[in-house]
Amino acid sequence: QVQLVESGGGLVQTGGSLKLSCATSGTIFGFNVMSWYRQAPGKQRELVAWITSSFYTNYADSAKGRFAISRDNTKNTVYLQMNSLKPEDTAVYYCNLAVGSKNYWGKGTQVTVSS
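Per this note's numbering: the sequence shown = residues 1 to 115.
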């Protein structure tokens with residue numbers, strides 16, 4: 001059974017930085033994609049960034065130039081370095097693992113950016 005646990009969220013001022021981590025338990029075989037999503041109050045969940053098991057990355061326009069996704073396959077962990085944070089980045093951030101036909105989600109970590 002695969003489980004994802006996010007950490008690293010918190011309260012930060014505008015312009016500050018946070019680094020989120022998502023640790024995956026269980027064994028993952030083959031090609032997979034790990035992603036970060038976020039959901040702000042009253043809004044739909046949106047994709048922030050993703051990275052494949054071969055380290056190809058992609059970002060939402062809102063994250064380009066400010067966020068960096070990375071992963072350590074030896075630790076089955078994905079990271080999201082967030083810089084130059086803005087109040088509009090406030091949301092619950094969720095980690096997702098897509099492997100084969102299966103999708104796994106973490107429970108999320110709250111990020112709050114104060115103005």
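All C-beta atoms, glycine included, are put in the ideal place defined by N, C-alpha and C. Note that the structure is a prediction, hence the values are computed from the model and not measured.
Restricting attention to Gly-8, Leu-20 and Ser-35, the CA atom closest to the CA of Ala-98 is found in Ser-35. Each residue's CA atom was taken as its position, placing Arg-66 and Ser-54 some 22 Å apart. Under the Cβ criterion (8 Å, minimum of three pairs), the segment 7-22 counts as touching the segment 81-94. Residue burial is scored here from C-beta neighbours: Leu-4 has at least 16 other C-beta atoms within 10 angstroms and is therefore classed as buried.
Under the DSSP definition of a beta bridge, Ser-21 partners with Ser-7 and Tyr-79. For Ala-98, the uninterrupted beta strand (DSSP E) run begins and ends at 91-99, by DSSP. In this model, Thr-27 and Pro-87 are separated by some 37 Å (Cα to Cα). Taking the C-beta atoms as reference points, Ala-49 is found no nearer than 8 Å to Ala-40.
Of the candidates Phe-31, Ser-115, Gly-9 and Thr-57, the residue whose Cα lies closest to the Cα of Lys-102 is Phe-31. A direct Cα-Cα distance of roughly 30 Å separates Tyr-56 from Gln-13. If you look at Ile-69, you'll find it in the beta strand (DSSP E) that goes 67-72. Going by C-alpha positions, Arg-71 is about 24 Å away from Val-113.
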